[in-house]
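S.K.: Residue numbers (this note's numbering), protein chains in the order written: chain A, 131 to 760; chain B, 395 to 539; chain C, 67 to 280; chain D, -2 to 380. Ideal placement from N, C-alpha and C gives every residue a C-beta, glycine not left out. Quick caveat, the model's predicted, so the values are computed rather than measured. Have a look at the structure that comes next, please.
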Amino acid sequence: MTTNSLTLARIFPRPKSGKGLWGWIGTVDHKRIGTLYGITSFIWFLIAGIEALLMRIQLSDAELDIISPDLYNQLFTMHGTSMVFLVIMPLSAAFFNWIIPLQIGARDVAFPRLNALSYWIFLFGSLLMNFSWLIGQAPDGGWFGYAPNSSATFSPGSGMTFWIVGLNILGVASIAAGLNFVVTIVNMRAPGMTFFKLPIFTWMTLITSILIVLALPVLAVAGIQLQADRLFGTHFYNSLAGGDPVLWQHMFWLFGHPEVYILILPAMGIVSEVLPTFARKPLFGYAFVVFAGIVIGFLGWFVWSHHMFTVGLGPAANSAFAISTMLIGLPTGVKIFNWMATLWGGSIKFTTAMWFSVSFIALFTIGGLSGVMHASVPSDTQQQDTYFVVAHFHYVLVGGALMGIFSGIYFWWPKAYGHFLNEKLGKINFWLMFIGMNLQFGPQHWLGMNGMPRRIYTYAENMGWEPSNMVASVGGFILALGVLVFIINIFVSKKQNNIASSDPWDGRTLEWSIPSPVPVYNFREVPEVKFRDDFWFKKYPQTIKEYYHDFDEEEIKNMKPIKPDEKDLGENHGIHLPDLSYYPLILAAGVTILAVGMMTHFSVIVLGGIGIFWGAIGWSLEPVNDPESH
Amino acid sequence: MSNLWKILTTHKGNGWWNLPETPQSNTNPKNEGPISISWLKKLWNLLSHGGVDHAGPTFYTIVAVFLAIVTLLELWIYTVKTLGAWLNPLLFLLSALKFIGVVAFFMHLRFDHKYFTIIFTFCMILGISVFISLLLLWSFAGLKP
Amino acid sequence: MSQTIVDNHHTEEHITSTGLSNRKLLMWTFLGSDVMFFGAFIATYLVYRGKSLNGPYPNEILNIPITSISTFVLLMSSFAMVLALHYLNENRRGITQFWIWSVVVLGAIFMGFQVVEFTEFAIHGLTPRTNLFGTTFFILTGLHGGHVTIGIIWLAIMGYAHKKGALRSDNSEDLELAGLYWHFVDIVWIVIFTVIYLVSATDGPPPGIPSITH
Amino acid sequence: MKFLRKKLPLKHLLLTMPFIVISFMFLIGCNPEDPQSTFGDKGPIAKQQKDLFILIFWVAAFVFIAVESALIYLLVKYRYKNNKLPYQSHGNTKLEIIWTIVPAIVLTFVAVPTIQVIWDQQNGVPDDLGEPLRVEAIGHQWWFEFRYPDLEIITANELHIPINRPINIKLQSEDVIHSFWIPKLGGKLDMVPLNDNYMWLLAEETGIYYGQCAEFCGVAHALMRFRAIAQTEQDFETWVEDMRTEPIPPQSESEINGRNLFMAQCSMCHTNNSYTSGSYIREINSQKSRWDAWLNDIENSPQVSAPNLTHFGTRHTVGAGIKEFSKENPDNLIKWIKDPSSIKIGTRMEKHASIYKTEENRLTDSEIKDISNYLLSLKPNIK
Ligand code: HEA
Ligand code: HEA
Ligand code: CUA
Ligand SMILES: [Cu+2]
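Given below as structure tokens:
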């Protein structure tokens, strides 16, 4: 865009200052967007968690009648959908936003306004989906919405429509964010930071982003097809006209399995940062951890039918997918073992972040192993759609993804907000979550093997399921208590204001070289990168030789240990940052309105279209930086 | 063998697949013709505007004519009744030719940085293999009575 | 050891680690993502090929000659597109205008063909609700048409910007991005033309109607 | 960071935690006697699956113990002691190869038997087991229909099978996806509309086995169950004969009244006379026409596909395996007819039968009693 095109289309003035509410609404700063993502998805976490607790109350004993079956179906559907799309994914996105530019030494992501757009679309999409609660018709088809149960014939209300439209909107947001981070990581690295010097979290983000970019279109297609069935009476999944319900399952899991790696890889990245920091050793076998991530990301595309072992695909397909599924255990194992080897010979400090990361290894292994059990088709026919599956995926999702994310929160909080989270409360938080989580999901293995199907709102008395369910429910509440302690911790820590230095944990990567909290411009000077764990080796040049065996002695002698940058210049100091913009918000609103139009009336679609057009035109005519502001 | 391994895993960033170290060391290398026989190269350079920045109108016209011919060819073999089982593979082959023609020359992949080629072919390969395995499932589907 | 980033907001071109333009990288990655989008629809079409329970079947309704013409039109629009970019880079305004607008016109002709085709089919009793063929055919080609329409709008804006002097050789990347998108839409059509039209043009009713429960 | 320097009291807790948790789980855990325990296998299929599971379980337990104990060891051994920087080690290619290869070997111990059992179980009924009994199971929202095409018998929600004879089950669905699962006899297989599936089972002991729909299929999914009744060959033969015998004619005043009410109010959905020859085909056709009626008017259709009630007096459960009843204690049956949703929310019967739609159509308590008496009397007339 050149300067002579910008006199057009300036309907209202561009937000000028970064202060106040309007500053947040117009923000394009990756850190603020990260915070917005974090807050929003944490609120959804509480809501989805409360949904889970309601289910636990209903299931705590046989034949309870607290929640109606209808409501129960809505609860688990919204719980699953929210936890996946509104909690773990955007919480990961919060970390991408906050950390990636800092780790690669950039001042912002590649497309700051696109970044804002992703957030706003995510926000509107999540609001829309949960709006269905208010009109009493929340989605009730399960988080994978199997056709034809989700078709207009069998699910005539608007619940599933909300689900599809919501997911499609969220898909747009995720794809936009995914594209942004692919470009950011490929293109915005500091000088000298080759791909094999990228921090592992950045690597995992790159792989995750690629998975997002490739997997979510498939979900979008499935959603469009189902939506077309529901609205226009097409026959994609209408078995009466020959449509094949199995195709829906393929489509969903073709997306769905890459999706579960989208959920876990960021957490693995976080863990790969936390463990080395607190073991005070570099990550063992860097290249292998990276390759393992790549292999997982690729292989993850060819295992989807393991969710369909009981569909009757035939022995040939079942065997093939059993083997490909088991193969995934190998790269994952490589990661686990490298993390443990990182601890080996280290000097381990047990901070809360470290506890969470360690528990990630412990719990994810359990979940992974039950995953391998599922991969054995004949025994999976006894487990599929039972609580054994529920146990498996909560061990990888709560024990894995969520624990990893909490680890990241405790780890990077001082960097982001300049003060520590209280460690004592942190420990309480951790142990409550750890114990609660095992009590909640451990007995579910036994429930599953004892024949308890999932997605049932009640069960009979003589089945022998009561004790385990009671334990699970109690565990659920202990887990919730842990989360509550975390919330309390946020406020207590803010009050205590235990100020953190630039480098509170003796960190290893670039983000610890800049002041805490991070100044708007991130890096006063764009760093030049020489090593993996660049900051560490520049702090401790004497250790370079241990890692880089053939590094030049002379050069090391000439290196002066550097100190983290403690000084926040206060303002931009001539560093040009992208100016604020409202257009992402307008465009996002347009997209959402258009999608709502799909559910309501044609005129609303037109309205949304106008919004999109206005947003897009205004956006592209608006320069990144306003010349008049200088 | 161990040497190869070292090259593959070396951490100093000099492995063969490694990406440029600094922006300066590798700005938009020009991709040259696919076959290095010199007369072909000459012809190539002639056609593609001296091979400098990107191809010229002559070259594009040749590509366009080629695309048109392939389209006609497709139509023609479609009417040939005797091809039988060969028809579909042939049609796919021809459309792949057209596809490559557009992607490589009109979309400048041939003249552009290899990253773009890598990204796009990766997605194509992934998409094709995933969806072909999906379609294959239907030929195995079903359980024996 | 450090290097201060030069202030380069005049050119708006960031120095990137690969030396590639951010936007072009974004575009290509997006196209990769779109591959999966169309791939899923084409796979759906192939899964349901020959499974419609009732007519009209492809062999009764597809009109290969007409569609070949529209295919050809789209192919040529790609040609026009690449020339437009070329002449823009050479700063030859008049001829650039001509080629940009030819793309728009050719694209519009293609869409015209599609509209005619859709109505024709509807008259002959094939709608998205008729059978699986209708369902998969209309949604796939319809979404492709949607992509084309967006491309037309985009290029029309480009043409206007070029006329007003806002699009010049120094920011020709704006047109290049639109061009990439346009070519991609074209190659998707190349596949669709083969898969839906040429390959399945002879498809008739399925050998045996699949068994329903009763 | 002073708190880090203290010796860890939590170490012991950490050491014991997994063991406490695990032993605790065993305590509250599984009892093979529980009705749906997959460990209480009563046939070769379930046994093979259980054995496979146990094999994998031990493999997993091995990996689990190795990983977790190594983890705890590392945490304890290398906890922070002094400020000395640890050696900044880089990695070790040999180790990497080892811990790729070893799990790969471990996995073959899982993969090979898995593949074997898949082909054993999912490739049709083995020939050496004798002539299988053919059964068709059809999922409906929210009950199961069972047909014996060779015997021309139709029944619902209670599947009679002979022991020691393979049962070849064809699985179908009328509406949405259901899943057919008798945990003690074998793993589940889905009932997918348009995709006929086949599974085979064999019961080695007589008994009543619980079955359960295992794919989410709408509001009443939790309450879509059934029973499989495994009988000796003779008992099964007798049952087959019984199913072809006409029922005892209604005796008492109440039963006669019940029959009339049934004919007026229930017979448009429920067939109760599938014992004559030819009734098999007839029932299949009427089931289809009921289904079509429902599809035509999903909201108000007076007809929906419904369980066949022939010889209902010999059944044990009502509401698709949900509640038990008997001649002596017919409360649940009465409850069902009076107010199906008190037993099962969301039934099509409650939604579509005219007796629940308006007050004037509602049956009185005594009428319900009559119908229930009539239904209970529906038993084969054996001399
Ligand atoms: C974060 C998410 C996540 C992750 C990472 C995984 C990881 C894996 N999952 Fe899981 N899975 C889910 C989320 C996840 N899953 C969800 C949400 C569902 C249910 C969806 C639904 O139905 O609602 C599900 C369901 C599911 C099923 C279907 C079950 C069914 O419905 O019947 C299967 C079947 O194969 C499976 C397998 C696996 C395997 C083999 C892995 C592997 O990647 C695990 C690899 C890890 C290890 C193996 C442990 C570490 C390795 C070692 C220590 C090395 C040594 C190990 C060996 C030698 C074995 N998963
Ligand atoms: C990332 C994903 C994720 C996470 C984190 C969780 C977390 C939890 N899940 Fe999850 N769950 C799924 C993903 C997840 N789940 C999915 C995909 C399904 C399948 C859905 C389907 O079948 O379609 C599922 C299904 C599922 C079921 C099975 C339902 C069924 O099949 O019938 C159950 C039952 O116990 C359950 C329980 C829980 C519990 C107790 C938690 C706990 O960890 C939650 C802990 C959090 C909180 C309790 C919130 C904290 C709240 C407070 C502290 C209160 C304070 C309040 C205020 C301040 C306002 N979940
Ligand atoms: Cu039928 Cu669940
Ligand atoms: Cu999976």
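How about residue 198/D and residue 182/D: are their beta carbons less than 8 Å apart?
M.R.: Cβ distance < 8 Å, so residue 198/D and residue 182/D count as in contact.
S.K.: Starting from residue 749/A, trace the alpha helix (DSSP H) both ways and give me its first and last residue.
M.R.: Unbroken alpha helix (DSSP H) run through residue 749/A: 732 to 751.
S.K.: Nearest to residue 164/A by CA position, among 673/A, 546/A, 709/A, is which residue?
M.R.: The shortest C-alpha separation from residue 164/A is found at 546/A.
S.K.: What does the shell around ligand 4 hold, if a residue joins when its beta-carbon is under 7 Å from any heavy atom?
M.R.: Taking each Cβ in turn, the ones that pass are 383/A, 386/A, 387/A, 390/A, 433/A, 434/A, 436/A, 437/A.
S.K.: Quick one: what does DSSP say residue 600/A is sitting in, helix, strand or coil?
M.R.: If DSSP states are grouped into helix, strand and coil, residue 600/A belongs with the helices.
S.K.: Which of the three DSSP states, helix, strand or coil, is assigned to residue 210/D?
M.R.: The answer is strand: DSSP assigns residue 210/D an E or B state.
S.K.: What first and last residue would you give for the beta strand (DSSP E) that runs through residue 157/D?
M.R.: Residue 157/D -> beta strand (DSSP E) spans 155 to 159.
S.K.: My guess is that residue 310/A and residue 256/A are in contact by the Cβ rule of under 8 Å, so how many angstroms apart are they, rounded?
M.R.: Contact flag wrong, Cβ pair sits at about 19 Å.
S.K.: Along the chain, where does the alpha helix (DSSP H) that runs through residue 161/A open and close?
M.R.: Counting along the chain, the alpha helix (DSSP H) containing residue 161/A begins and ends at 160 to 189.
S.K.: Between the region 218 to 241 of chain D and chain A, which residues of the former have CB atoms less than 9 Å from a CB of the latter, in chain order?
M.R.: Here the close residues are 218, 219, 220, 222.
S.K.: How many angstroms separate the CA atom of residue 527/A from the CA atom of residue 218/A?
M.R.: Their Cα atoms are separated by approximately 9 Å.
S.K.: How do the region 196 to 208 of chain C and the region 354 to 372 of chain A stand: do at least 3 beta-carbon pairs fall below 8 Å, yes or no?
M.R.: The region 196 to 208 of chain C vs the region 354 to 372 of chain A: in contact.
S.K.: Can you tell me whether DSSP reads residue 502/B as helix, strand or coil?
M.R.: Three-state result, residue 502/B: coil.
S.K.: Tell me the residue span of the alpha helix (DSSP H) that contains residue 265/C.
M.R.: From DSSP, residue 265/C is part of no alpha helix (DSSP H); its letter is neither H nor E.
S.K.: Tell me the rounded alpha-carbon separation between residue 58/D and residue 106/D.
M.R.: Their backbone Cα atoms lie some 14 Å apart in a straight line.
S.K.: Using C-beta distances below 6 Å, list every residue in its chain close to residue 605/A, excluding the 5 sequence neighbours before and after it, in chain order.
M.R.: Excluding residues within five positions, the ones whose Cβ falls inside 6 Å are 566, 569, 570.
S.K.: Below 8 Å, can you find three or more Cβ-Cβ pairs linking the region 164 to 182 of chain D to the region 332 to 339 of chain D?
M.R.: Counting Cβ pairs under 8 Å, fewer than three are found: no touch.
S.K.: Please report how far the alpha carbon of residue 79/D lies from the alpha carbon of residue 477/A, in whole angstroms.
M.R.: Straight-line Cα distance between these residues: approximately 8 Å.
S.K.: Would DSSP call residue 412/D helix, strand or coil?
M.R.: The shown model of chain D, from -2 to 380, leaves out residue 412/D, and the question about it has no answer.
S.K.: Looking at C-alpha atoms only, which residue of 303/D, 295/D, 290/D, 170/D is the closest neighbour of residue 375/A?
M.R.: The shortest C-alpha separation from residue 375/A is found at 170/D.
S.K.: Taking C-beta pairs closer than 8 Å, name the residues in chain A that residue 340/D reaches, listed in chain order.
M.R.: Neighbours of residue 340/D on chain A: none; closest Cβ ~11 Å, over 8 Å.
S.K.: Rounded to the nearest angstrom, what separates residue 301/A and residue 751/A at their Cα positions?
M.R.: Roughly 26 Å between the two C-alpha positions.
S.K.: When you measure from the CB of residue 139/D to every non-hydrogen atom of ligand 3, does any distance come out below 7 Å?
M.R.: Yes, since a heavy atom of ligand 3 falls inside the 7 Å radius drawn around the Cβ of residue 139/D.
S.K.: Taking Cβ to Cβ, would you say residue 523/B is nearer than 8 Å to residue 257/C?
M.R.: Not in contact: residue 523/B and residue 257/C (Cβ atoms no closer than 8 Å).
S.K.: Any heavy atom of ligand 3 closer than 7 Å to the CB of residue 221/D?
M.R.: Yes - ligand 3 has a heavy atom lying nearer than 7 Å to the Cβ of residue 221/D.
S.K.: How many angstroms separate the CA atom of residue 190/A from the CA atom of residue 608/A?
M.R.: Rounded to the nearest angstrom, the two C-alpha atoms are 14 Å apart.
S.K.: When the distance is taken between beta carbons, is residue 370/D closer than 8 Å to residue 252/D?
M.R.: Yes; because the gap between Cβ atoms is below 8 Å, this pair is in contact.
S.K.: Hey, does residue 131/D have any beta-carbon neighbour from chain A nearer than 8 Å?
M.R.: It does not: the Cβ of residue 131/D has no partner Cβ on chain A nearer than 8 Å.
S.K.: Residue 625/A by DSSP, collapsed to three states: which one?
M.R.: Residue 625/A falls in the helix class under three-state DSSP.
S.K.: Measure from the alpha carbon of residue 272/A to the alpha carbon of each residue in 621/A, 455/A, 211/A, then state which is nearest.
M.R.: Minimum Cα distance to residue 272/A is reached at 211/A.
S.K.: Given that residue 187/D touches chain A, what residues does it touch there, using C-beta distances under 8 Å?
M.R.: Within chain A, the residues near residue 187/D are 440, 441, 442.
S.K.: Over what stretch of residues does the alpha helix (DSSP H) that includes residue 298/D continue unbroken?
M.R.: Careful: residue 298/D lies outside any alpha helix (DSSP H) and carries neither H nor E.
S.K.: Residues of chain B with CB closer than 8 Å to the CB of residue 446/A, please, in chain order.
M.R.: The answer, in chain order, is 534.
S.K.: Kindly indicate which residue of 245/D, 289/D, 282/D, 297/D has the alpha-carbon position closest to the one of residue 373/D.
M.R.: Nearest of 245/D, 289/D, 282/D, 297/D to residue 373/D, Cα basis: 245/D.
S.K.: With contact counted as at least three CB pairs below 8 Å, one residue from each stretch, are the region 82 to 97 of chain D and the region 507 to 518 of chain B in contact?
M.R.: With the cut-off at 8 Å, the region 82 to 97 of chain D and the region 507 to 518 of chain B do not touch.
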